Structures are given as structure tokens and as C-alpha cells.
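See structure below.
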Amino acid sequence: MEESASQPPLHNPPVYRPQPQSPLPEQPLPKPPGHGDPKSQPRPMIQKPPAYRDPHFKPPHGPQRKAVLPPSFQPKPKRSRRFCRVCCCTFCIIFLIIFLILVIAAAAFYLFYDPALPAFRLSSFRVPMLNVSNSNDGAYLDADTTARVEVRNRSGKMSWHFGKSKVSVSADDGNLSLGSSTVAGFVAEHKGLAQVKAATKVRKLALEDRQRRKLKGAVESKALTPTVEIQTKTSVGLQGWKSPSIAVTIVCGGVTMRRLENGDPPLCSITLLKWCV
282 MEESASQPPL HNPPVYRPQP QSPLPEQPLP KPPGHGDPKS QPRPMIQKPP AYRDPHFKPP
342 HGPQRKAVLP PSFQPKPKRS RRFCRVCCCT FCIIFLIIFL ILVIAAAAFY LFYDPALPAF
402 RLSSFRVPML NVSNSNDGAY LDADTTARVE VRNRSGKMSW HFGKSKVSVS ADDGNLSLGS
462 STVAGFVAEH KGLAQVKAAT KVRKLALEDR QRRKLKGAVE SKALTPTVEI QTKTSVGLQG
522 WKSPSIAVTI VCGGVTMRRL ENGDPPLCSI TLLKWCV
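The following block contains the structure:
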């Protein structure tokens with residue numbers, strides 16, 4: 282108890298407390314030169330119009346860039362070329378299909394019906410009367426002729442219908458006309474034979490000296506070469522159906538009367554749609 286009384290009492294250590302510092306006096310900011318001088322104050326900038334361009338401004342050289350248009354002004358992709366190609370291809374395909382169908386139909390028709398043009402032959406030619414008269418102003422001819430033409434249908438399922446026909450007869454390579462006549466229409470049935478008989482006459486036909494000397498002797502010696510021309514219209518009949526008529530011209534000749542009497546009739550030529558067959 283005595284020792285504890287003899288020790289000095291314990292004290293807490295002192296606590297440091299910072300002293301508040303007095304604020305520093307505020308320093309005024311440096312003023313720009315010319316402050317307070319009305320002459321040195323900057324003048325207000327004048328705004329330039331939006332479309333103003335400085336005439337002294339030179340744009341820097343460089344690669345030019347294309348102006349980018351807004352979407353509303355950008356051209357839309359063209360589809361006309363693609364549409365034209367599709368139309369052309371479709372038209373060509375349809376045309377080829379129709380062409381093939383027509384070719385197949387024509388081939389089937391030809392194989393089934395075996396179409397063929399009729400054959401014309403000048404079977405006979407006669408001159409029942411021929412008279413050459415002389416007068417002061419020249420020679421004149423009076424003559425009657427009779428021509429017979431055979432028409433043979435070579436088709437077995439088609440018939441040929443001929444309308445009213447005009448028959449003209451001439452001689453001397455067509456330079457001497459011996460008259461013309463008209464015959465009624467006729468029909469050449471399938472695998473059938475038809476005959477056309479035409480009688481012509483000519484009166485007071487003026488002759489040249491060469492024709493006068495040659496004509497009478499040629500008729501008497503049967504060396505006269507007649508030419509018979511038939512102008513008509515024909516159509517095809519097939520199982521009750523009849524096609525439209527087309528104009529045809531048949532020309533027979535090229536042989537003498539002697540050869541005709543000996544049984545050598547010439548095959549006539551047929552001009553159909555300006556094609557000679």
C-alpha cells in the first residue's frame with residue numbers, strides 16, 4: 282500500500298490539434314491587354330449568309346468524292362431489262378412449241394391423206410376449119426379449133442374442185458391467137474379422171490406475111506405447135522370439208538399436132554401462187 286502511494290500518478294499524452302489557418306487574400310486575375318480601352322475591344326462578327334462563298338478560298342486538291350444523295354433521290358434499280366428478257370424467252374418458247382405442233386400436224390396429214398396435185402395433159406387438138414383470105418390490105422384468118430385436156434387426180438382421199446375456167450388457144454409461140462372460150466366448172470374425184478373440152482374460133486384476124494405463108498402449110502402437114510392456157514380457181518374437198526379457192530394457171534403445149542395424134546400428150550405446167558410446178 283505504501284509503494285502504490287509513493288508512485289507518481291499517470292497522465293494522458295497531449296493531443297495535437299491543427300490550428301486553423303487564415304485564408305490567403307484573393308489575387309485579382311490578370312486582365313487582357315487593352316481592357317477598358319473601347320478602341321481595343323473586338324468587334325462583333327458579322328454572320329455570313331448560308332450560300333456565301335469566299336472568292337479567295339481555294340479548295341484543297343484531292344480525290345473527288347461523289348455526292349451522296351438522300352435515299353429519296355437515289356435511283357431505283359431498273360427492272361425493264363430483266364422484264365424484256367423474260368418476255369423474249371417466253372415468246373421464243375411459245376413460238377417453238379407452236380411451230381413443232383404445226384410440223385407434226387402437217388407430217389401426220391401428209392402421211393394419212395397423201396395429198397398430190399392433179400396432172401394435166403393435152404390429149405388432143407384439132408382444127409376443123411382454117412381459111413386464110415387475101416385482100417388488098419393484107420391477109421386475114423378464119424379458124425375453128427377444139428382442144429381437149431385431161432385432168433387426173435392422183436390422191437386417193439382428196440377431190441379437186443375447179444370453178445369456171447377461161448381457155449385460150451395460141452400458136453407460133455404465142456404470137457398468133459386462135460381465140461378463147463369459157464368452160465363450166467368440174468370436179469376431179471379421188472383417183473378419178475376428168476376432161477375439159479374447149480372450142481374456140483377466130484374471125485378476120487389480120488396476119489403477117491410470114492404467118493400467112495407458114496400457117497396453112499403447118500396445119501396441112503400437122504406441124505402446128507398449139508399452146509392451150511387454162512385460167513381457173515381450184516379448191517380441195519376432204520370428207521365433206523371444202524377449202525377456200527385459189528387461182529391457178531395451167532399451160533399445155535410444146536408438141537406438134539402429129540405427136541398428139543400419135544399418142545404422145547405433153548404434161549402441162551401448173552402455176553400455183555406464182556410458183557410453177
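Residue numbers for the sequence shown follow the numbering used here, beginning at 282 and rising by one. Beta carbons: idealized from backbone N, C-alpha and C, even for Gly. Note that the structure is predicted; figures quoted are calculated from it, not measured.
Note on residue 399: 16 or more other CB atoms within 10 angstroms of its CB, so buried under the neighbour-count rule. The C-beta of residue 431 has 16 or more other C-beta atoms within 10 Å across all chains shown, which makes the residue buried. The Cβ neighbour count for residue 511, taken over all protein chains shown within 10 Å, is at least 16; the residue is labelled buried.
In the three-state DSSP reduction, residue 476 falls in the strand class (E or B). Taking C-alpha positions only, residue 509 is separated from residue 383 by approximately 38 Å.
DSSP links residue 416 through a beta bridge to 419. In the three-state reduction of the DSSP assignment, residue 541 falls in the helix class. Residue burial is scored here from C-beta neighbours: residue 439 has at least 16 other C-beta atoms within 10 angstroms and is therefore classed as buried. In this structure, DSSP gives residue 492 a helical state, which the three-state scheme calls helix. DSSP places residue 528 in the uninterrupted beta strand (DSSP E) bounded by 527-534. Residue 505 has its alpha-carbon roughly 59 Å from the corresponding atom of residue 375. Ranked by how close their Cα comes to the Cα of residue 445, the residues 410, 420 and 465 have 465 in first place. Nearest to residue 537 by C-alpha distance, out of 435, 521, 502 and 487, is 502.
Within a 10 Å sphere around the beta-carbon of residue 549 sit 16 or more other beta-carbons, which makes this residue buried. Look at the region 436-467 and you find these whole runs of beta strand (DSSP E), each 3 residues long or longer: 440-443, 446-452 and 457-464.
For residue 402, the closest C-alpha among the options 331, 542, 534 and 543 is that of 534.
Between the alpha carbons of residue 395 and residue 442 lies a gap of roughly 17 Å.
For residue 435, the closest C-alpha among the options 366, 471 and 447 is that of 471. Annotation: residue 420 to residue 414 spans about 6 Å, alpha carbon to alpha carbon.
In the structure shown, residue 501 falls within a helical segment according to DSSP collapsed to helix, strand and coil. Restricting attention to 372, 429, 528 and 539, the CA atom closest to the CA of residue 552 is found in 528. Going by beta carbons, residue 450 and residue 426 fall inside the 7 Å limit. Sixteen is the threshold: when 16 or more other Cβ atoms of the shown chains lie within 10 Å of the Cβ of residue 424, as they do, the residue is buried. In this chain, the beta strand (DSSP E) harbouring residue 514 covers 508-519.
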